[in-house]
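Worksheet: the structure to be examined is printed underneath.
Number of protein chains: 2
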Amino acid sequence: MTAVEQDRNISSSFAKGLAVLAVFDAAAPSMTLAEIARRTGQDRATARRGALTLVQAGYLRQDGRMLSLTPRVLALAGGFLQANQFGRRVQPVLNRHARQMEIEVTLAMLDQGRVLLLAQSTVDHGHITYGFTAGSHIPLAHTSLGRMLLAGLPEEEAAAVLAETGIPCHTSQSLTDPAAILERVAQAREQGYCLTDSEFEAGITGYAVPVSRPGQTPIVAGCSAPRGRQPQADAERLLRGLQLCAAELRQAEAVDHL
Amino acid sequence: MTAVEQDRNISSSFAKGLAVLAVFDAAAPSMTLAEIARRTGQDRATARRGALTLVQAGYLRQDGRMLSLTPRVLALAGGFLQANQFGRRVQPVLNRHARQMEIEVTLAMLDQGRVLLLAQSTVDHGHITYGFTAGSHIPLAHTSLGRMLLAGLPEEEAAAVLAETGIPCHTSQSLTDPAAILERVAQAREQGYCLTDSEFEAGITGYAVPVSRPGQTPIVAGCSAPRGRQPQADAERLLRGLQLCAAELRQAEAVDHL
DNA sequence: CGGGTCTGTGCGAATGCTGCACACAATGTT
DNA sequence: AACATTGTGTGCAGCATTCGCACAGACCCG
Chain V
1 MTAVEQDRNI
11 SSSFAKGLAV
21 LAVFDAAAPS
31 MTLAEIARRT
41 GQDRATARRG
51 ALTLVQAGYL
61 RQDGRMLSLT
71 PRVLALAGGF
81 LQANQFGRRV
91 QPVLNRHARQ
101 MEIEVTLAML
111 DQGRVLLLAQ
121 STVDHGHITY
131 GFTAGSHIPL
141 AHTSLGRMLL
151 AGLPEEEAAA
161 VLAETGIPCH
171 TSQSLTDPAA
181 ILERVAQARE
191 QGYCLTDSEF
201 EAGITGYAVP
211 VSRPGQTPIV
221 AGCSAPRGRQ
231 PQADAERLLR
241 GLQLCAAELR
251 QAEAVDHL
Chain X
1 MTAVEQDRNI
11 SSSFAKGLAV
21 LAVFDAAAPS
31 MTLAEIARRT
41 GQDRATARRG
51 ALTLVQAGYL
61 RQDGRMLSLT
71 PRVLALAGGF
81 LQANQFGRRV
91 QPVLNRHARQ
101 MEIEVTLAML
111 DQGRVLLLAQ
121 STVDHGHITY
131 GFTAGSHIPL
141 AHTSLGRMLL
151 AGLPEEEAAA
161 VLAETGIPCH
171 TSQSLTDPAA
181 ILERVAQARE
191 QGYCLTDSEF
201 EAGITGYAVP
211 VSRPGQTPIV
221 AGCSAPRGRQ
231 PQADAERLLR
241 GLQLCAAELR
251 QAEAVDHL
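Chains as they are written, first to last, in the UniProt record's numbering: chain V, 1 to 258; chain X, 1 to 258.
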């Protein structure tokens with residue numbers, strides 16, 4: 001902008017516009033122009049142009065003064081999902097195992113210091129639905145998915161990621177000391193699975209296992225359930241199920257080049 | 001650009017960049033720079049800057065000379081899905097009815113002359129999986145979803161949309177005369193449901209019913225299955241199931257402001 | 001080996017963007 | 001009711017950015 005000459009191969013106005021699109025998330029599903037400007041750190045006029053461009057392109061809609069995403073953004077994700085054959089190679093596997101385990105199964109990866117949900121089984125069970133969907137972000141430090149993902153990284157890298165993101169506190173049981181969390185991560189790396197209990201939602205236990213092969217971008221599968229009467233037995237059963245699911249995904253090479 | 005003065009509130013370089021992101025679809029999951037330039041109608045240098053910006057932002061990845069979408073694009077869709085509580089209000093309903101009907105149920109809307117799939121249940125049945133996911137596009141003219149969507153539009157508007165998009169031909173049974181298709185659309189409007197047989201995939205029958213209330217943006221639910229022994233009975237059963245599903249979605253106001 | 005296609009880059013020109021400042025509308029606070 | 005606050009639309013001048021072309025080299029293919 002001012003001092004350093006920007007890379008001439010990068011379009012700064014495009015990048016700013018993308019930032020506008022990306023600012024819409026679960027916490028702020030619909031915002032006013034001024035709010036967008038604040039959250040993107042852009043000048044109001046700039047944010048306005050970005051937003052209006054998005055409206056014209058059909059990705060944003062304007063209700064009075066509120067702006068919100070339109071369903072068309074799904075088409076962007078659709079390109080990715082179809083390219084990787086998620087509908088054929090990933091979703092059916094998740095569904096099958098989910099049904100067998102009678103619990104929702106989630107596939108996830110790292111994204112900007114958070115856990116990005118890639119896919120989720122859509123099986124009708126009696127239990128609670130948490131309302132997360134593909135494309136949702138959940139925290140890294142206090143979920144089994146997050147810790148298992150960190151475990152897929154080299155140790156220093158995991159520490160770096162964790163340090164960058166900061167550690168919120170969701171429940172009274174959330175670990176707050178980075179070292180303690182890294183301890184659990186290391187444990188997960190050795191064991192080949194990860195359990196967390198009540199650190200993100202009270203009373204809920206999370207289970208996760210790796211899917212990607214060592215060295216690849218970490219991908220994990222997991223599930224979560226209210227803590228039951230026999231935690232041991234539950235854990236064994238669910239982890240076994242997740243391992244089977246992960247093995248099948250690995251074998252199908254369904255998630256190799258993400 | 002040249003003749004008309006562009007609206008000063010629209011950022012043209014941002015719009016061009018978005019076009020780059022949007023060219024990636026099922027038909028072209030990974031492309032070379034030159035191909036992107038061709039398909040977007042942009043100068044190669046322009047397309048290149050757009051693509052590189054997307055790479056820097058993490059939405060595109062570069063493998064050698066091929067560019068492809070990264071999972072991060074899912075996060076964009078995630079914002080929409082969470083904002084509209086799809087995970088809580090839509091998906092469970094679809095899943096439940098799908099399980100009861102023992103068939104996949106799809107929710108869809110219009111998008112640029114095509115059918116945009118918004119959500120899809122996936123029961124774990126023995127049948128084929130078509131591999132479509134939320135965010136996929138399917139044709140308008142020869143699917144029950146598409147015709148039912150057209151039926152949700154005023155008659156002239158439906159005709160206009162249909163005229164704009166052109167009419168491909170997928171199977172020997174595909175109707176090719178716009179008037180004949182509009183005939184079926186009108187029929188669907190009157191009946192409140194739509195059936196198609198073998199017009200998109202040979203031997204497959206499609207079923208669709210409206211979900212949105214009249215006057216709103218059309219949203220429909222549908223399913224498809226190989227033609228069975230008792231087409232009549234199948235149709236009755238499936239349409240009844242879809243109607244129930246649609247009614248429940250309507251009542252939950254799950255899709256009111258899309 | 002040669003034609004075709006693809007990529008990276010440099011550069012001048014002009015255009016498109018930026019950010020500020022002002023006027024006004026809407027909201028909500030005392 | 002009047003005020004304070006927050007949001008919105010617009011104009012403008014200057015400058016950084018982006019555009020599009022053209023060239024050189026890499027790569028692929030028959």
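From the three backbone atoms N, C-alpha and C, an ideal C-beta is built for every residue, glycine too.
As the structure is a prediction and not an experimental result, all values here were calculated from the model.
At least 3 beta-carbon pairs within less than 8 Å: the region 74-86 of chain X vs the region 36-46 of chain V: no
Beta carbon proximity, X/M109 to chain V, threshold 8 Å: yes
Rounded separation between V/T205 and V/G222 - CA only: 11 Å
Cβ shell of V/P178 (< 7 Å), same chain only, five flanking positions each side left out: L162, A163 and I167
For X/T176 and V/V105, the rounded distance between their alpha carbons: 43 Å
Residue-level contact to chain X via CB, V/D197, 8 Å cutoff: no
Rounded straight-line distance, which links the Cα of V/V55 to that of V/M66: 12 Å
Uninterrupted alpha helix (DSSP H) stretches inside the region 32-95 of chain V (no shorter than 4 residues): 33-40, 44-57 and 73-83
Within chain X, partners of V/I103 - CB distance below 9 Å: Near V/I103 there are no residues of chain X at all, since even the closest Cβ is about 13 Å away, more than 9 Å.
Same chain, Cβ closer than 8 Å to V/V4, neighbours up to 5 away in sequence not counted: Only weak support is given to the placement of V/V4: the predicted model assigns it a pLDDT of 46, under 50, and the value that follows is read from those uncertain coordinates. Counting only Cβ-Cβ distances below 8 Å, and skipping sequence neighbours, we find nothing.
Cβ neighbours of X/T2 in the same chain (closer than 8 Å, five flanking residues each side left out): No answer about X/T2 holds up, because its pLDDT of 34 lies below 50 and its placement is not dependable.
Segment limits, beta strand (DSSP E) that includes V/I219: I219 to P226
Three-state secondary structure assigned by DSSP to X/R114: strand
Within chain X, partners of V/Q91 - CB distance below 9 Å: Q120, T122, T129, G131 and T133
Identity of the residue in X/F132, X/D63, X/Y193 and X/A51 nearest X/L150 by Cα: X/Y193
Sequence-distant residues of the same chain with beta carbon closer than 6 Å to V/S136, five excluded per side: L117
Buried or exposed by the 16-neighbour rule on C-beta atoms within 10 Å, applied to X/E199: buried
Within chain V, partners of X/V73 - CB distance below 8 Å: L76, A77, G79 and F80
Proximity winner among X/S30, X/A51, X/G113 and X/I181, relative to X/A138 (alpha-carbon distances): According to the sequence as given, residue 138 of chain X is Ile; it is not Ala. For the residues X/S30, X/A51, X/G113 and X/I181, the minimum Cα distance to X/I138 belongs to X/G113.
Backbone CA spacing between V/I219 and V/V211 [nearest angstrom]: 5 Å
Unbroken stretches of the beta strand (DSSP E), 3 residues or longer, contained in the region 141-174 of chain V: none
Exposure of V/P71, with buried meaning 16 or more beta-carbon neighbours within 10 Å: buried
Sequence-distant residues of the same chain with beta carbon closer than 7 Å to X/L21, five excluded per side: L54 and Y59
Proximity to residue 264 of chain X [Cα-Cα], best of X/A134, X/L140 and X/V123: No answer is possible for residue 264 of chain X: it lies beyond the span of chain X, which begins at 1 and ends at 258.
Any C-beta of chain X under 8 Å from that of V/A22: yes
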